[in-house]
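Just so we're aligned, residue 2 is where the sequence shown starts under my numbering, counting upward by one. Backbone N, C-alpha and C fix where the C-beta goes; we use that ideal spot for every residue, glycine too.
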Amino acid sequence: MIKNDLFLRALKGETVERPPVWMMRQAGRYLPEFRALRDKYDFFTRCRMPEIAAEITVQPIRIVKPDAAILFSDILVVPQAMGIDVEMRPDIGPWIPNPIRSAKDVEQVRIPNIEETLGYVMEAIKVTKEMLNDEVPLIGFAGSPWTIFCYAVQGKGSKNFDLAKAMCFSQPEASHALLQKITDTTILYLKEKVRAGVDAVQIFDSWGGMLSPVDYQEFSWQYMNQIVEALADSVPVIVFGKGCWFALPEMAQSKASAIGVDWTCSPKHARLFTGGEKTLQGNFDPSRLMSPIPTIKKMVHEMIDEFGKDKYVVNLGHGILPHIPVDHAKAFIDAVKEYRAPLSY
Numbered sequence: 002m003i004k005n006d007l008f009l010r011a012l013k014g015e016t017v018e019r020p021p022v023w024m025m026r027q028a029g030r031y032l033p034e035f036r037a038l039r040d041k042y043d044f045f046t047r048c049r050m051p052e053i054a055a056e057i058t059v060q061p062i063r064i065v066k067p068d069a070a071i072l073f074s075d076i077l078v079v080p081q082a083m084g085i086d087v088e089m090r091p092d093i094g095p096w097i098p099n100p101i102r103s104a105k106d107v108e109q110v111r112i113p114n115i116e117e118t119l120g121y122v123m124e125a126i127k128v129t130k131e132m133l134n135d136e137v138p139l140i141g142f143a144g145s146p147w148t149i150f151c152y153a154v155q156g157k158g159s160k161n162f163d164l165a166k167a168m169c170f171s172q173p174e175a176s177h178a179l180l181q182k183i184t185d186t187t188i189l190y191l192k193e194k195v196r197a198g199v200d201a202v203q204i205f206d207s208w209g210g211m212l213s214p215v216d217y218q219e220f221s222w223q224y225m226n227q228i229v230e231a232l233a234d235s236v237p238v239i240v241f242g243k244g245c246w247f248a249l250p251e252m253a254q255s256k257a258s259a260i261g262v263d264w265t266c267s268p269k270h271a272r273l274f275t276g277g278e279k280t281l282q283g284n285f286d287p288s289r290l291m292s293p294i295p296t297i298k299k300m301v302h303e304m305i306d307e308f309g310k311d312k313y314v315v316n317l318g319h320g321i322l323p324h325i326p327v328d329h330a331k332a333f334i335d336a337v338k339e340y341r342a343p344l345s346y
């Protein structure tokens, strides 16, 4: 039994004494302990060494003490497993030397054997679970099919993913074929993660906000929802689309246990768009962690009051930034732990 099960109880919609809290990208660059390992091992080596990935996962549990751990890995291990070369280049980020740009390219993309190609992730889960010793739950994750598609077609990060969108609109059949292959692979991958021991999963749609509401339904949400449908009976699933406030009503109709919200959507509107019944997660602006600590704590308490303490998971509206001081990240977590709901008469 997990000793601190606050996160899992909130995902079930249970009444809690306070909301749980964790931070997207909490196992990462703002921690000096992480940077020490980064200086010793390159990015994908860190992902592929189970003991290193587990150590990075557990670092924030020791240091800032959130209510859940999220496995250190990367969304781009999935396209790597599908036969798409992905590099991590200094000052550029993800780099795909041979982007997918045609129906012929899509045919070459495979749906892999997960154990053969991503077995190192499952080993990292097992090592992490041992290190966590049932203190807090462990979250596994994957990128949304659309977000993976964006990198695979664009070939690198982008401000607008114009080439990815152009392929969707000029070659819709090939685009849907690639999106389906990514979806099928992601379902297999997340099912293996559940078997390996993760307690919940999150699907990150980092680039969903690049699409119009109509195009989002066609090229992103329908594929995310396939993943939700495939996983929801075996594990709580959180869906998070950055810049996708317009899709909240559809997300609320799905089997997802929780919906992530970014900082551009107010708690009031997030509750309104989702009908008030779903657990919501978010939505503190990561840059706001540069505010003075008393301001951070005040804003966190106000945010909880606005969302309400139940059916709510406190988080950032996107990943924590590399330059955030550790004591500010800790103040964010501590503010939630210090929260007391206003007395009602």
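For this session: Look at the alpha carbon of TYR346 and the alpha carbon of GLY318, and state the distance between them as a whole number of angstroms.
Result: Confidence at TYR346 is low in this model, with a pLDDT of 48, below 50, so the placement of that residue is unreliable and no value is reported for it.
Exercise. Can you tell me whether DSSP reads ILE294 as helix, strand or coil?
Worked result: For ILE294, the secondary structure class from DSSP, reduced to helix, strand or coil, is helix.
Problem set entry | Residues that GLY261 bridges to, as DSSP identifies them | Looking at the DSSP assignment, GLY261 forms a beta bridge with PHE241, GLN282.
Problem set entry | Among ASN134, PHE142, MET252, MET211, nearest to SER169 - alpha-carbon criterion | The residue asked about is misnamed: residue 169 is Cys in this sequence, not Ser. Relative to CYS169, the option among ASN134, PHE142, MET252, MET211 whose CA is nearest is MET211.
For this session: Quick one: grab the DSSP three-state call for PRO95.
Result: Reduced to three states, the DSSP call for PRO95 is strand.
Exercise. Would you call the CB atoms of TYR31 and ILE321 closer than 7 Å?
Worked result: Taking 7 Å as the Cβ cut-off, TYR31 and ILE321 qualify as a contacting pair.
For this session: Kindly indicate the opening and closing residues of the beta strand (DSSP E) around ASP206.
Result: 201 to 206 is the span of the beta strand (DSSP E), which, as asked, contains ASP206.
For this session: Mind listing, in chain order, the continuous beta strand (DSSP E) runs of no fewer than 3 residues lying wholly within the segment 67 to 135?
Result: As summarised for the segment 67 to 135, the continuous beta strand (DSSP E) elements at least 3 residues long and confined to that stretch are 88 to 90, 94 to 96, given in chain order.
Problem set entry | Cβ-based neighbour list, ILE325, same chain, cut-off 8 Å, excluding 5 preceding and 5 following | Closer than 8 Å at Cβ, skipping near neighbours: TYR31, PRO287, LEU290, MET291.
Problem set entry | Same chain, Cβ closer than 7 Å to GLN155, neighbours up to 5 away in sequence not counted | Excluding the 5 residues flanking it on each side, GLN155 has same chain C-beta neighbours closer than 7 Å at PRO100, PHE162, LEU164, ALA165, in chain order.
Exercise. Looking only at C-alpha atoms, which of ARG196, ALA125, PRO146 sits nearest to VAL229?
Worked result: Nearest to VAL229 by C-alpha distance, out of ARG196, ALA125, PRO146, is PRO146.
Exercise. Thinking C-beta only, is GLN282 closer than 7 Å to ALA259?
Worked result: The answer is yes: Cβ separation under 7 Å.
Exercise. Applying the criterion that 16 or more other CB atoms from any shown protein chain within 10 Å of the CB defines a buried residue, is PRO20 buried or exposed?
Worked result: Looking at its Cβ environment, which holds 16 or more other Cβ atoms inside 10 Å, PRO20 is buried.
For this session: Tell me where the beta strand (DSSP E) around LYS140 begins and ends.
Result: The sequence given here has Ile at residue 140, not Lys. Per DSSP, ILE140 belongs to the beta strand (DSSP E) from 139 to 144.
Exercise. Is the distance from the Cβ of PHE8 to the Cβ of PRO138 below 7 Å?
Worked result: Against a cut-off of 7 Å, the Cβ pair of PRO138 and PHE8 comes out as a contact.
Problem set entry | Reduced DSSP secondary structure (H/G/I, E/B, other) of LYS182 | Shown here, LYS182 sits in a helix according to DSSP, grouped into three states.
For this session: Verify whether the separation of the beta carbon atoms of VAL22 and ILE334 is less than 7 Å.
Result: The Cβ atoms of VAL22 and ILE334 lie closer than 7 Å to each other.
Exercise. Per DSSP, what kind of secondary structure is TYR224 in: helix, strand or coil?
Worked result: Judged by DSSP in its simplified three-state form, TYR224 adopts helix.
For this session: Please name the residue or residues paired with TYR313 in a DSSP beta bridge.
Result: Bridge partners of TYR313: LEU281.
Problem set entry | Beta-carbon gap between ALA82 and THR118 smaller than 7 Å | For ALA82 and THR118, yes; Cβs fall inside 7 Å.
Problem set entry | Whole-angstrom distance between HIS329 and MET2, CA atom to CA atom | CA-to-CA, the gap between MET2 and HIS329 works out to about 31 Å.
Problem set entry | Burial state of ILE76 (16 or more Cβ within 10 Å) | ILE76 is buried by the Cβ-count criterion.
Exercise. How many Å lie between THR187 and ILE149 at the Cα?
Worked result: Cα to Cα, the separation comes out at about 10 Å.
Exercise. How would you write the range of the alpha helix (DSSP H) that TYR217 sits in, first residue to last?
Worked result: Note, TYR217: alpha helix (DSSP H), 214 to 217.
Exercise. Would you call the segment 110 to 130 and the segment 49 to 57 in contact, with 3 or more CB pairs under 8 Å?
Worked result: Yes, the segment 110 to 130 is in contact with the segment 49 to 57.
Exercise. The alpha helix (DSSP H) with ASP163 in it runs from where to where?
Worked result: For ASP163, the enclosing alpha helix (DSSP H) covers residues 163 to 171.
Problem set entry | GLN254, DSSP secondary structure in three states | When DSSP states are grouped into helix, strand and coil, GLN254 belongs to the coil group.
Exercise. Do you know whose CA, among SER159, THR129, VAL262, lies nearest GLY198's CA?
Worked result: Selection SER159, THR129, VAL262 evaluated against GLY198 yields THR129 as nearest (Cα-Cα).
Exercise. Who are VAL22's beta bridge partners in DSSP?
Worked result: As a beta-bridge residue in DSSP terms, VAL22 pairs with VAL315.
Problem set entry | Contacting residues, own chain, Cβ-Cβ under 8 Å from TRP96 (five flanking each side not counted) | Counting only Cβ-Cβ distances below 8 Å, and skipping sequence neighbours, we find VAL87, GLU88, MET89, ARG90, GLY156, LYS157.
Exercise. So ILE71 and ALA143 are in contact, right, with Cβ under 8 Å, and what is the actual spacing, rounded?
Worked result: No, ILE71 and ALA143 are not in contact; Cβ-Cβ is about 12 Å, not under 8 Å.
Problem set entry | Separation of GLY94 from LYS160, as counted between CA atoms | Approximately 13 Å between the Cα atoms of the pair.
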